[in-house]
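Just so you know, the sequence shown maps onto residues 1364 to 1825 in the working numbering.
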Amino acid sequence: MPEWLPEAVRYAEQWLGYQMRSTEQPGCVLAVAHRGKLVAEHAFGVADLATGTPLTPAHRFRVASHSKTFASAAIMRLHEAGRLHLDDPIGTHVGDLAPEVAAVTISQLLSHTAGLLRDGVRAVHWQDRQPFLDETALRAELAEPLIVPANSRQKYSNVGFGLVGLAIEAITGEDFGTWIAREIVVPSGLDATTPDMPVPAGTPLATGHSGKLPVGRRFAIPGHNPTHALASATGFVSTAGDLARFIGSLDPEAGTSVLSAASRREMTRRHWRVPDDSGGRHYGLGTIGGTLEGHEWFGHSGAFQGFISRTACVPEWGVAVSIVTNCIDGLANPWVEGVLGIFHHFALHGAASPTVADWTGRWWSYWGAFDLVPMGNQVFVTMPALMQPFTDASVLDITSPTEGRVARANGFGAHGEPARRIMDADGAATLLMLGGAELLPEQALLTELEARASDPAPATQP
């Protein structure tokens, strides 16, 4: 394991704690895996706003389009067994399809280049106005003409991945959920993952929630509805820990996987650029890929009524990060990228040396919170309110246990000015000075603000 990873995880947890307080999200779970082993699982907030039940890493979430990664792994497993080929027309395995749909290939379905409808002619199942599509309803959507020619561009399709599920059932002669649980989920060691609802009695489930608008408050969207013929597109129920370990196992360099290295390379390589996408992302076979701070990643995201999730693996580090949230405006996507940004800085600068390791903590002023984050031989001053907390971070050179200097700051900061800690008799820091700015521990600032509120007269010049 990289020597910097434990300290990076600790700061990521502290940063997420601030983000949860600031954004007032119901709950989230962060999981980090390295080479298939969990390094951390940390739950924040509640599983259900109505009951106030504390969220735990064991709570299961609807993880939606992560299902596509599982379904793609199932196809690759069948490919390895010689039961299909990726360039097979889907009509080779699934009957009674319109000719142009029957002609699209399995690879085109997995890469979202088959040209099919995204969700259907009338996709009200995504707003709980009708059940998710069963096979009859799915086949009715598949009877619609292609929207764009196959193999002409990447165009996301839940309907297409429903067809992948029909193919798996046709080839194996078994129900999709039964076969994939036995052949992919269980061999991957995923004890908290099921292909769809319902889950076994007594399983801890997080409740989904709406955003605050337009009602003005969050309300429950339980998310317990089965997805029927769309289970291969969006049905899976899992935990952040299982997702981190499973996505990590698809790294071509992973030591243990249900797939060969060749299959993993094929799944995770960049098949198609996602058009009109500001993030510069690409799609593989059931995986999304991109680059952050120069590091290539792959994984997937998921959006279900009341739930948002995201998992990303960085093969360079052998690290996978997953965040699951239980509200429809959950920030799993920017939070995973924020965690990867934190990891980038720790990988670049290394774990803190003993001379700076205790220059740490969260410090407050009227203007918000600042974190001291020691790395290598320096201390970085980050802003936990930012989605990338190291953005424009000042850097301190430390010259003694209580003294230092702002060695680098942007042109609006205190570049070149002194940094100082005031310590109490027990050796605890009670005041941080960065140039002329004074920052306090949270409780000390709260005491000051409460006193100010009871006596709002302006301070006099000392």
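Backbone N, C-alpha and C fix where the C-beta goes; we use that ideal spot for every residue, glycine too.
If you run the structure through DSSP and keep just helix, strand and coil, what is residue i?
| i | result |
| --- | --- |
| K1400 | strand |
| M1383 | helix |
| G1525 | helix |
| E1766 | strand |
| S1728 | strand |
| A1394 | strand |
| A1406 | strand |
| V1687 | strand |
| T1810 | helix |
| P1589 | coil |
| P1781 | strand |
| W1367 | coil |
| G1478 | coil |
| V1484 | coil |
| F1495 | coil |
| V1736 | strand |
| F1433 | helix |
| W1635 | strand |
| L1449 | coil |
| V1548 | helix |
| R1516 | coil |
| L1568 | strand |
| D1411 | strand |
| M1786 | strand |
| A1583 | strand |
| F1612 | Before going on, a small fix: residue 1612 reads as Ser here, not Phe. The answer is helix: DSSP assigns S1612 an H, G or I state. |
| R1644 | coil |
| T1754 | coil |
Please report the residue range of the beta strand (DSSP E) in which residue i lies.
| i | result |
| --- | --- |
| G1652 | 1651-1655 |
| G1662 | 1658-1667 |
| I1671 | 1670-1677 |
| I1761 | 1757-1761 |
| L1334 | Beyond the ends of the chain as shown, which are 1364 and 1825, falls residue 1334; an answer cannot be given. |
Measure the beta-carbon distance from residue i to residue j and round it to whole angstroms, keeping in mind my assumption that it falls under 8 Å.
| i | j | result |
| --- | --- | --- |
| A1583 | H1572 | 6 Å |
| A1782 | L1794 | That belief does not hold up - the Cβ atoms of A1782 and L1794 are roughly 12 Å apart, past 8 Å. |
| A1594 | F1539 | 6 Å |
| I1547 | R1440 | 7 Å |
| R1628 | P1615 | 5 Å |
| W1722 | L1735 | 5 Å |
| S1520 | A1477 | 6 Å |
| I1691 | R1673 | Contact flag wrong, Cβ pair sits at about 14 Å. |
| G1586 | F1670 | 6 Å |
| A1714 | E1366 | 5 Å |
| L1501 | V1522 | 7 Å |
When the Cα atoms are used, what is the spatial distance from residue i to residue j?
| i | j | result |
| --- | --- | --- |
| G1552 | F1599 | 15 Å |
| N1689 | D1760 | 41 Å |
| L1570 | H1442 | Contrary to the premise, residue 1570 reads as Thr rather than Leu in this sequence. In a straight line, the C-alpha of T1570 is about 37 Å away from that of H1442. |
| Y1374 | S1623 | 35 Å |
| P1589 | V1464 | 26 Å |
| D1411 | P1819 | 39 Å |
| G1647 | E1813 | 55 Å |
| E1376 | H1405 | 7 Å |
| G1799 | I1705 | 28 Å |
| D1482 | H1448 | 26 Å |
| A1596 | G1408 | 28 Å |
| E1700 | A1777 | 28 Å |
| I1469 | G1662 | 20 Å |
| G1693 | A1788 | 44 Å |
| L1379 | A1394 | 12 Å |
| P1747 | Y1381 | 6 Å |
| F1495 | L1655 | 35 Å |
| H1707 | A1607 | 18 Å |
| N1773 | L1703 | 23 Å |
| A1436 | A1756 | 41 Å |
| G1779 | R1771 | 7 Å |
| R1492 | Q1668 | 12 Å |
| R1580 | Q1751 | 28 Å |
| H1488 | M1560 | 15 Å |
| V1402 | S1664 | 21 Å |
| I1651 | A1506 | 28 Å |
What are the start and end residues of the alpha helix (DSSP H) that includes residue i?
| i | result |
| --- | --- |
| E1801 | Not the alpha helix (DSSP H): E1801 falls in the beta strand (DSSP E), residues 1800-1802. |
| I1597 | Checking the sequence shown, residue 1597 turns out to be Thr, not Ile. From DSSP, the alpha helix (DSSP H) with T1597 extends over 1594-1597. |
| Q1741 | Unbroken run through Q1741 is the beta strand (DSSP E), 1741-1745; no alpha helix (DSSP H). |
| I1543 | 1539-1543 |
| L1711 | 1695-1712 |
| M1630 | 1624-1631 |
| P1462 | 1462-1465 |
At a cut-off of 7 Å, is residue i close to the ligand COA when judged by its beta-carbon and the heavy atoms of the ligand?
| i | result |
| --- | --- |
| L1401 | Among the ligands in the structure shown, none appear at all, so the ligand COA cannot be discussed. |
Q) Do three or more CB pairs link the segment 1416-1423 to the segment 1512-1519 at distances below 8 Å? A) Judged by pairs of C-beta atoms under 8 Å, the segment 1416-1423 does not touch the segment 1512-1519, as fewer than three such pairs exist.
(Q) Quick test of the definition: if touching needs 3 or more C-beta pairs under 8 Å, does the segment 1673-1681 touch the segment 1639-1646? (A) no
Q: Give a yes or no on contact between the segment 1736-1751 and the segment 1761-1776, applying the rule of three or more CB pairs nearer than 8 Å.
A: yes
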